[in-house]
Amino acid sequence: VRILFEKIAAATRPPRFESLDLSLNLPLSNDSELAKEAVRSLVEPLNMGRLNSVRKLEIHCLAQTDELLQERKTAVLTALSSKSLPLLSELILEYMFTDIGVEVFAAGIRDGNLSGLR
Numbered sequence: 865v866r867i868l869f870e871k872i873a874a875a876t877r878p879p880r881f882e883s884l885d886l887s888l889n890l891p892l893s894n895d896s897e898l899a900k901e902a903v904r905s906l907v908e909p910l911n912m913g914r915l916n917s918v919r920k921l922e923i924h925c926l927a928q929t930d931e932l933l934q935e936r937k938t939a940v941l942t943a944l945s946s947k948s949l950p951l952l953s954e955l956i957l958e959y960m961f962t963d964i965g966v967e968v969f970a971a972g973i974r975d976g977n978l979s980g981l982r
């Protein structure tokens, strides 16, 4: 997953997906490095507008949460909330919300950036 998001961010042009359904299942484990890197790698293409074709996004983050993972979860919520994702109609975020992330996400909804959600 990390490699896919890094390639999308590094490409000279945004990918031309008609629509994209993404599902990230980050397992519960004592070593949450995989979860940290997967969550981190999602932020850049979101911020760059490279994932505007996302129709469905599922993130299940069962990894042990430490301060760094909390920060990265908040960064994903911030990126999701600050960009218009015109095709995004289904969003499932399991164990992704942080205290700050809830506020940021709510602001994104109020600003209309997540208007396609059902």
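Position one of the sequence shown corresponds to residue 865 (the numbering used here), numbered consecutively onward. Heads up, the beta-carbon is just placed ideally off N, CA and C, and yes, glycines get one too.
- Inspect the beta-carbon positions of S905 and R877 and report whether they are closer than 8 Å. Position 41 of the sequence shown, counted from the start, is the residue given in the question as residue 905. Position 13 of the sequence shown, counted from the start, is the residue given in the question as residue 877. At least 8 Å separates the beta-carbon of S905 from that of R877.
>> Distance check for S887 and S948, CA to CA, integer angstroms please.
In response: The count along the sequence shown starts at 1 and reaches residue 948 at position 84. The count along the sequence shown starts at 1 and reaches residue 887 at position 23. Spanning the two alpha carbons is a distance of roughly 19 Å.
| query | Buried or exposed: where does P891 fall if 16 or more other Cβ atoms within 10 Å of its Cβ makes it buried? | reply | As a position in the sequence shown, residue 891 is number 27, starting the count at 1. Exposed, since its Cβ has fewer than 16 Cβ neighbours within 10 Å.
Which residue from M960, F869, I973 puts its Cα closest to that of V918?
Within the sequence shown, numbered from 1, the residue matching residue 918 stands at position 54. Of the candidates M960, F869, I973, the one whose C-alpha sits nearest the C-alpha of V918 is F869.
Are R914 and A939 closer than 8 Å when you measure CB to CB?
For the purposes of this step, residue 914 is identified with residue 50 of the sequence shown, where counting begins at 1. For the purposes of this step, residue 939 is identified with residue 75 of the sequence shown, where counting begins at 1. In this structure, A939 does not lie closer than 8 Å to R914 by Cβ.
| Helix, strand or coil: which one does DSSP assign to R866? | Counted from its first residue, the sequence shown places residue 866 at position 2. For R866, the secondary structure class from DSSP, reduced to helix, strand or coil, is helix.
**OP:** Count the other CB atoms, across all protein chains shown, that sit within 10 Å of the CB of G965; report buried if there are 16 or more and exposed otherwise.
**Re:** One-based indexing of the sequence shown puts residue 965 at position 101. When all chains shown are included, G965 counts as buried.
Candidates D885, D975, L951: closest to T942 by CA position: Here residue 942 refers to the residue found at position 78 when the sequence shown is read from its first residue. Of the candidates D885, D975, L951, the one whose C-alpha sits nearest the C-alpha of T942 is D975.
Checklist entry - Who are the Cβ neighbours of A899 in its own chain at under 7 Å, not counting the five residues just before and after it? => result For the purposes of this step, residue 899 is identified with residue 35 of the sequence shown, where counting begins at 1. Result list for A899: L890, C925, A927, L933, in chain order.
E954, DSSP secondary structure in three states: As a working note, residue 954 is residue 90 in the sequence shown. In this structure, E954 counts as strand in the three-state DSSP scheme.
Closest to L952 by C-alpha separation, out of V903, R880, R982, would be which residue? As a position in the sequence shown, residue 952 is number 88, starting the count at 1. Of the candidates V903, R880, R982, the one whose C-alpha sits nearest the C-alpha of L952 is R982.
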